[in-house]
Amino acid sequence: MKKAKLNLPKRILVVNLILLIILAGISFLGLACGSTGIDFLALIKIIFKSEINESMLPAIIWQIRLPRVLLAALVGATLSLGGLVFQAILRNPLAEPYILGISGGAAIGAIIGILLGLSRFPGVSLFAFAGSMATLLLILVMASDKTILKKDSLLLSGVMVNAFCSAVIMFLISMTQDSRLHNIIFWLMGDLSVADLGQTFSLAMVLIPCFIIIFYYSNVMNLLLMGQEQARAMGVNIKLVIFILLVITSLMVSSTVSYCGLLGFVGLVMPHLLRIILGPDHRVLVPACILGGGAFMVFCDLLARTLPEQGEMPAGVITALIGAPLFIYLLKRSSR
Amino acid sequence: MNMKLKKTNIILSCFVLLVLLVPLNNISAMEIKDQLNRKIHLPKQIKKIVSLAPSITEIIYALGVEDLLVGVTQYSDYPAAASSLPKVGSYVHLDLERIIALKPDLCIATRDGNPLTTIERLEIMKIPVYAVDPRNLETIIQTILELGRLLKAEKKADFLAANMRSRILKIKNIISCTQHRTRLFFQIGISPIVSAGSPTFINELIELAGGENLARGPAAYPRFSKEKVISLAPEVIIITSMARSTVFEKVKAEWNRWPDLPAVKQQRIYLEDSNLFDRPTPRLVDGLELLAKLLHPELFENIK
Chain A
1 MKKAKLNLPK RILVVNLILL IILAGISFLG LACGSTGIDF LALIKIIFKS EINESMLPAI
61 IWQIRLPRVL LAALVGATLS LGGLVFQAIL RNPLAEPYIL GISGGAAIGA IIGILLGLSR
121 FPGVSLFAFA GSMATLLLIL VMASDKTILK KDSLLLSGVM VNAFCSAVIM FLISMTQDSR
181 LHNIIFWLMG DLSVADLGQT FSLAMVLIPC FIIIFYYSNV MNLLLMGQEQ ARAMGVNIKL
241 VIFILLVITS LMVSSTVSYC GLLGFVGLVM PHLLRIILGP DHRVLVPACI LGGGAFMVFC
301 DLLARTLPEQ GEMPAGVITA LIGAPLFIYL LKRSSR
Chain B
337 MNMKLKKTNI ILSCFVLLVL LVPLNNISAM EIKDQLNRKI HLPKQIKKIV SLAPSITEII
397 YALGVEDLLV GVTQYSDYPA AASSLPKVGS YVHLDLERII ALKPDLCIAT RDGNPLTTIE
457 RLEIMKIPVY AVDPRNLETI IQTILELGRL LKAEKKADFL AANMRSRILK IKNIISCTQH
517 RTRLFFQIGI SPIVSAGSPT FINELIELAG GENLARGPAA YPRFSKEKVI SLAPEVIIIT
577 SMARSTVFEK VKAEWNRWPD LPAVKQQRIY LEDSNLFDRP TPRLVDGLEL LAKLLHPELF
637 ENIK
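Protein sequences, first through last, are from chains A and B.
Numbering-wise, our numbering puts 77 at position 77 of the first sequence, and it's gapless, one number per residue.
Numbering-wise, our numbering puts 609 at position 273 of the second sequence, and it's gapless, one number per residue.
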């Protein structure tokens, strides 16, 4: 409660500094741990001295673990930011790209792209974007109907869209019979192992401008939460802003889906957790979601890589295992 | 002017020197092409290999060069000694970190299963990957010969190839005595019922062993309904599942509910080891011989 007394820029700074430290700490853990063992000392040595010894550890850390940690951070940031934006625009605390079926739509597009034998970028990504835009349109058409604007009905229509997307995905999978099948299934459950530094970098080139644009509109999101009438009275071009935000968010979500598949609940857990701690101001929440979401995802991926004795687990399994119970707990606590 | 010329001269001569030196450095390494026609640079001596599929592990053991193996994938269970080697993930989901930590001079991959993105990343990290792509018995023999050359086990490879060829020829000769093609339903999946279509090793083996593959067709692993299988009236049903014999008894009991099915009438429902039929290794010929005996027992009565 003390923080609330600080003025805004200072508050943004303090909050983000703390979250940045958390993200850096978890990333450090992520770099130190892997399927070949955990070695903090060696990591510190490699970071600060960059000594070249016979061991393969530097190569493993820089070329395998680092791209993964970066990708996880980017994806986590994107998904939790996506959740935050949807929650603001739809004025529904349960909105999230995964639950609303936006991710599912992107996945359908991506699977079609993969089955057509396109390259991951730009082919599959474009299909994923088209898929997510299509589901978004569907949800908006349903939501624009006045009778359906209530929170629960919007959520229900989202759940239905998501269920439909899952059915289409299952249909596509059952039509596939070759060796790509296993990869598609693993990818669907949220797989971060594909990352190399180049791909992560090109993904960052798409995502970071999106983050900046969304931060630019963070105050407008505050106004939107007060209601569209009030926002219009404050001189906001609501239709344009909502359009830009939705397109930007779909672009972000679909590009992460085309790389890493479906990672659920990240967009719910982080925004809610941060809102409970930090309050409803989006100017604080937007950067906090980027850093906090990134840290959460890096942590989940770390567990996915190191928990199983042999092989690894899809990261989406971990996000859902942690996310869903945490979400139920938050829901219960906030309703009390 | 003069100074500039001198400078360019020095730079030029440096370039020439470099160009001359580069091939000298590379003499130790060898450039070859793998079965996918990709160029790979091999180190002078191959001391450590990681096998990226169970079938490749089997071939390496068959060639007698298992001392080179430092890592294998999950389910590399034949011969039994292979299971104790360090694992680098499953062949469809390789663990890059573990592969690199083993510092192999060479990885041997298979096109059917190993994801291309992983292979590309291994190459970016300067680990050469030799990819094989066996499609039928003849290319399996070629693969064994090629790997034999690559791993300096030519003699053993020649022996293996000659042995496989002569055994295949023997089966061909025996089967040529009959016109009958036994109607076989080869069940590789229990629930759902899955069989093997034309683009599989199983189909080639069935045809060589004098059988009619009831699942032939463009799909590699087509799914079947019980109804469809019964309407095809197989004379023999072979179930190759990773499941244990208790499950087999259950599946057999399921089929026995249709006493009019030729395979049930003649009691010709068998459980066999799937690894003999779907791994491109020398053992595939064992599978062929087994299959021929199951499909045409009458032809093998006098032999032995």
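Backbone N, C-alpha and C define an ideal beta-carbon position, used for all residues, glycine too.
* Starting from residue 517(B), find everything on chain A with Cβ-Cβ shorter than 9 Å and list it in chain order. => Under the 9 Å cutoff, chain A gives no residues; its nearest Cβ is about 26 Å from residue 517(B).
* Asked: Around the C-beta of residue 582(B), are 16 or more other C-beta atoms found within 10 angstroms, so that it is buried, or is it exposed?
  -> It is exposed - the Cβ of residue 582(B) has fewer than 16 other Cβ atoms within 10 Å.
* Excluding five sequence neighbours on each side, which residues of the same chain lie with their C-beta closer than 6 Å to the C-beta of residue 617(B)? -> Excluding sequence neighbours, residue 617(B) sits near 391, 394, 395.
* 8 Å Cβ cutoff met for residue 480(B) and residue 196(A) -> Between residue 480(B) and residue 196(A), the CB-CB gap reaches or exceeds 8 Å.
* Would you list, in chain order, the members of the stretch 419-451 of chain B that have their beta-carbon closer than 7 Å to a beta-carbon of chain A? => The stretch 419-451 of chain B vs chain A, Cβ under 7 Å: 423, 425, 426, 428, 429, 431, 432, 433, 434, 436, 437, 439, 448, 449, 451.
* Pick out the complete alpha helix (DSSP H) segments inside the stretch 426-509 of chain B, 4 residues or longer, and give them in chain order. => Counting only runs of 4+ residues, the alpha helix (DSSP H) found wholly inside the stretch 426-509 of chain B occupies 432-437, 452-460, 473-486, in chain order.
* Asked: Can you name, in chain order, every residue of its own chain whose Cβ lies under 6 Å from the Cβ of residue 306(A), other than the five neighbours on each side?
  -> Here the set comprises 33.
* Note down, in chain order, each residue of its chain lying with its Cβ closer than 8 Å to the Cβ of residue 1(A), except the 5 sequence neighbours on either side. => Confidence at residue 1(A) is low in this model, with a pLDDT of 41, below 50, so the placement of that residue should be treated as unreliable; the coordinate-derived value is given next. Excluding sequence neighbours, residue 1(A) sits near nothing in its chain.
* To do: Using a Cβ cut-off of 8 Å (strictly closer), state whether residue 186(A) contacts chain B.
  => Proximity of residue 186(A) to chain B, defined by a Cβ-Cβ separation below 8 Å, is satisfied.
* If the cut is a Cβ gap below 8 Å, which residues of chain A does residue 725(B) touch? -> Any answer about residue 725(B) is impossible in this case: the structure gives chain B only from 337 up to 640.
* Asked: Is residue 370(B) buried or exposed, if buried means 16 or more other CB atoms sit within 10 Å of its CB?
  -> Residue 370(B) should be labelled buried.
* **Where residue 457(B) meets chain A, residues with beta-carbon distance less than 7 Å** => 196, listed in chain order.
* To do: Could you check which residue in 626(B), 554(B), 592(B), 577(B) has the C-alpha nearest to that of residue 570(B)?
  => Looking only at 626(B), 554(B), 592(B), 577(B), the smallest Cα-Cα distance to residue 570(B) is reached by 592(B).
* To do: List the residues of chain A that residue 453(B) touches, going by C-beta distances under 7 Å, in chain order.
  => Close partners of residue 453(B) in chain A (Cβ separation under 7 Å): 194.
* Pull up the distance between the alpha-carbon of residue 123(A) and that of residue 225(A), whole angstroms please. => As the crow flies, the alpha-carbon of residue 123(A) is around 36 Å from that of residue 225(A).
* Asked: Looking at residue 79(A) and residue 253(A), is the spacing between their C-beta atoms short of 8 Å?
  -> Yes.
* To do: Can you grab the Cα-Cα spacing for the pair residue 25(A) / residue 40(A), in whole Å?
  => Approximately 12 Å, taken between the alpha carbons.
* To do: For residue 35(A), return the contacting residues in chain B, with the cut-off set at a CB-CB distance below 7 Å.
  => Per Cβ cutoff of 7 Å: 431, 433, 434.
* Asked: DSSP state of residue 316(A), grouped into three classes?
  -> In the three-state reduction of the DSSP assignment, residue 316(A) falls in the helix class.
* Asked: Which whole-angstrom value is the C-beta distance of residue 268(A) and residue 289(A), which I expect to be below 8 Å?
  -> At roughly 11 Å, the Cβ-Cβ gap does not stay under 8 Å, so residue 268(A) and residue 289(A) are not in contact.
* **Residue of 312(A), 330(A), 332(A), 297(A) minimising C-alpha distance to residue 319(A)** => Of 312(A), 330(A), 332(A), 297(A), the residue nearest in Cα terms is 297(A).
* To do: Using the Cα positions of residue 548(B) and residue 478(B), report the straight-line distance between them to the nearest angstrom.
  => Approximately 27 Å, taken between the alpha carbons.
* Kindly list the residues whose CB is nearer than 8 Å to the CB of residue 529(B), restricted to its own chain and excluding five residues on each side of it in sequence; keep chain order. => Correct list, in chain order: 523, 559, 560, 561, 562, 565.
* To do: Compute the Euclidean distance between the alpha carbons of residue 258(A) and residue 131(A), then round it to the nearest angstrom.
  => If I take the Cα positions, the gap works out to 11 Å.
* Asked: Quick one: Cα of residue 519(B) to Cα of residue 400(B), how far?
  -> Each residue's CA atom was taken as its position, placing residue 519(B) and residue 400(B) some 38 Å apart.
* Minimum C-alpha distance to residue 418(B) - residue among 383(B), 577(B), 389(B) -> Looking at the Cα atoms, 389(B) is the closest of the given residues.
* To do: Specify, as a first and last residue, the run of the beta strand (DSSP E) that residue 521(B) falls within.
  => If you look at residue 521(B), you'll find it in the beta strand (DSSP E) that goes 518-525.
* To do: Name the two residues that bound the continuous alpha helix (DSSP H) containing residue 424(B).
  => For residue 424(B), no alpha helix (DSSP H) segment is defined, and its DSSP state is neither H nor E.
* Below-8 Å beta-carbon distance, residue 56(A) vs any chain B residue -> By the rule that beta-carbons nearer than 8 Å mark a contact, residue 56(A) touches chain B.
* From the DSSP output, which residues share a beta bridge with residue 375(B)? -> Bridge partners of residue 375(B): 369(B).
* Are the Cβ atoms of residue 255(A) and residue 286(A) separated by less than 8 Å? -> No; because the gap between Cβ atoms is not below 8 Å, this pair is not in contact.
* Asked: Relative to chain B, which residues along the stretch 38-49 of chain A have a C-beta separation below 7 Å, given in chain order?
  -> Cβ contacts with chain B: none found.
* Contact between the stretch 98-108 of chain A and the stretch 207-226 of chain A: three or more CB pairs below 8 Å? -> Touching, no.
* Counting pairs of Cβ atoms below 8 Å between the stretch 83-92 of chain A and the stretch 447-460 of chain B, do you hit three or more? -> Judged by Cβ distances under 8 Å, the stretch 83-92 of chain A makes no contact with the stretch 447-460 of chain B, as fewer than three pairs qualify.
* To do: Decide if residue 211(A) is buried, meaning its Cβ has at least 16 other Cβ atoms within 10 Å, or exposed.
  => By the neighbour-count criterion, in which a residue is buried when 16 or more other Cβ atoms sit within 10 angstroms of its Cβ, residue 211(A) is buried.
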